[in-house]
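To keep things clear, I will list the structure first and then write my remarks on it.
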Amino acid sequence: MKYVLLLLSICTLLFTTNCVKVDQVLSEMEISDTMTDSITLDDFRIEVTIRKIDNNAIEVQRQLKYIGNNTVTIHHANPLIYTIIETTENKPLLNWESVGYYKTLQPNDVYQHDKDITFRDIKNNSVLRVWANFSVEDKEYNIPLSISLD
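Yeah, the sequence shown ends on 152 if you go by my numbering, and it's all consecutive.
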């Protein structure tokens, strides 16, 4: 457990200092009413749907889709998919609960552990950052996705 917490701390530090470049995708998309973006790593896809509520507010839905062929059990903290809005002025820190959750996934299962989040007062030059962190057996997965909100 100490190893997992240390690894989470190191990954958090790397992510918040913009050093995580592996498997990171920046989607330059204008948000109309609804948009969806995703990133895939191995047998897992993180899917993010953004719904525009009004000119300065969005609702964000995040889910993990398992696209592998065999049944797997994932182990994760809370939230499964961390979500922040970042601007050039703020660099928020990531924070996970260290409580462990287990979820068994069948092929093509979609897992939505986290509730939808509403962000208000979206500033110019904002980026939505989501980051999933979980493990399967001894393999650790850290899957970041960034979406420009301009």
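Don't be surprised by glycine CBs; every beta carbon is placed ideally from N, CA and C.
Note that this is a predicted model, so its numbers are computed, not measured.
Tell me whether residue i counts as near the ligand FMN, meaning its Cβ is closer than 7 Å to at least one heavy atom of that ligand.
{"i": "Thr36", "result": "Among the ligands in the structure shown, none appear at all, so the ligand FMN cannot be discussed."}
From what residue to what residue does the beta strand (DSSP E) around residue i run?
{"i": "Asp44", "result": "It is not in any beta strand (DSSP E) - Asp44 carries neither H nor E in the DSSP assignment."}
{"i": "Glu88", "result": "Val74 to Glu88"}
{"i": "Leu151", "result": "That residue, Leu151, is in no beta strand (DSSP E); it is neither H nor E in DSSP."}
Enumerate in chain order the residues of its own chain whose CB-to-CB distance from residue i is below 6 Å, with the five nearest sequence positions on each side excluded.
{"i": "Val129", "result": "Glu88, Ser148 and Ser150"}
{"i": "Asn135", "result": "Asn144"}
{"i": "Ser172", "result": "The chain is shown only over 3 to 152; residue 172 falls outside these bounds and no answer can be derived."}
Quick one: residues in its chain with C-beta nearer than 7 Å to the C-beta of residue i, no 5 flanking neighbours on either side, listed in chain order?
{"i": "Asn58", "result": "Arg122, Asp123 and Ile124"}
{"i": "Val51", "result": "One detail in the question is off: residue 51 reads as Thr in this sequence, not Val. Correct list, in chain order: Thr36, Thr38 and Gln63."}
{"i": "Gln2", "result": "This structure does not reach residue 2, given that the chain is present from 3 up to 152, and the question cannot be answered."}
Can you check DSSP and say which residues form a bridge with residue i?
{"i": "Asp39", "result": "Val50"}
{"i": "Glu61", "result": "Arg53 and Thr120"}
{"i": "Asn160", "result": "This structure cannot settle anything about residue 160, because the visible part of the chain is limited to 3 through 152."}
{"i": "Lys125", "result": "Bridge partners of Lys125: none, in fact."}
Identify, in the order they occur along the chain, each residue of the same chain with its Cβ nearer than 8 Å to the Cβ of residue i, setting aside the five sequence neighbours on each side.
{"i": "Tyr103", "result": "His77, His78, Ala79, Asn80, Leu82 and His115"}
{"i": "Asp35", "result": "Arg53 and Lys54"}
Would you report the Cα separation of residue i and residue j, rounded to the nearest angstrom?
{"i": "Asn144", "j": "Asp56", "result": "32 Å"}
{"i": "Asn126", "j": "Glu91", "result": "10 Å"}
{"i": "Thr85", "j": "Lys141", "result": "22 Å"}
{"i": "Lys105", "j": "Thr73", "result": "11 Å"}
{"i": "Lys117", "j": "Gly70", "result": "24 Å"}
{"i": "Pro109", "j": "Phe46", "result": "10 Å"}
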